[in-house]
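Worksheet: the structure to be examined is printed underneath.
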Amino acid sequence: AGLRHPHVVEFLGFELDDRQLVLQMEYAAVGSLAAFLTGFGPLTGWLLQKIAVGTLQGLHFLHTRTPPVVHGNLRGDNILLDTGCCAKLSDFGCNLFLARSDRSLAWTA
């Protein structure tokens, strides 16, 4: 929560029962960049630029938070695409942030 940006998958909520935790996240209809590349081959031209720039904008947003967030597992499976091929960073299961006091890395779940 609190990480709202066009290039970061939005956390919508969660459900918890005695057996499991279910996270509710924004839906990205096209799926992962990895699956897209498997189905359609290498990116070229404007689409390559759009996805690369969107990914970098999402990373810049995360890295400029207070404290900064480090994704820690950026790969094609964790970059999702919506119907407009807008890149959205996902899978923050265990991400890193820089502790405010000493700027050292700390884990959060």
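Position 37 of the sequence shown, counting from 1, maps to 37 under UniProt numbering, and the rest follow consecutively. Positions of the beta carbon are idealized from the N, C-alpha and C atoms, including for glycine. The model shown is predicted, which means the values in this text are computed figures rather than measured ones.
Query raised in the report: Is Ala87 helix, strand or coil by DSSP?
Result: strand
Requested in this report: Starting from the C-beta of His5, find all residues in its chain whose C-beta is less than 7 Å away, skip the five residues before and the five after it, and write them out in chain order.
Outcome: Gly58, Phe61
Query raised in the report: How far does the alpha helix (DSSP H) with Gln24 in it reach, from first residue to last?
Result: Taken as a continuous stretch (DSSP letters only), Gln24 belongs to no alpha helix (DSSP H), being part of the beta strand (DSSP E) at 21 to 25.
Requested in this report: Could you check the C-alpha separation between Trp46 and Asp18 for me, to the nearest Å?
Outcome: 47 Å
Query raised in the report: Going along the chain, which residues of its own chain have a beta-carbon closer than 6 Å to the beta-carbon of Ala34, five neighbours each way excluded?
Result: Gly76, Asp77
Requested in this report: Report the three-state DSSP secondary structure of Gly54 (helix, strand or coil).
Outcome: helix
Query raised in the report: Can you tell which of Thr66, Ala29, Pro67 has its C-alpha closest to the C-alpha of Gly84?
Result: Ala29
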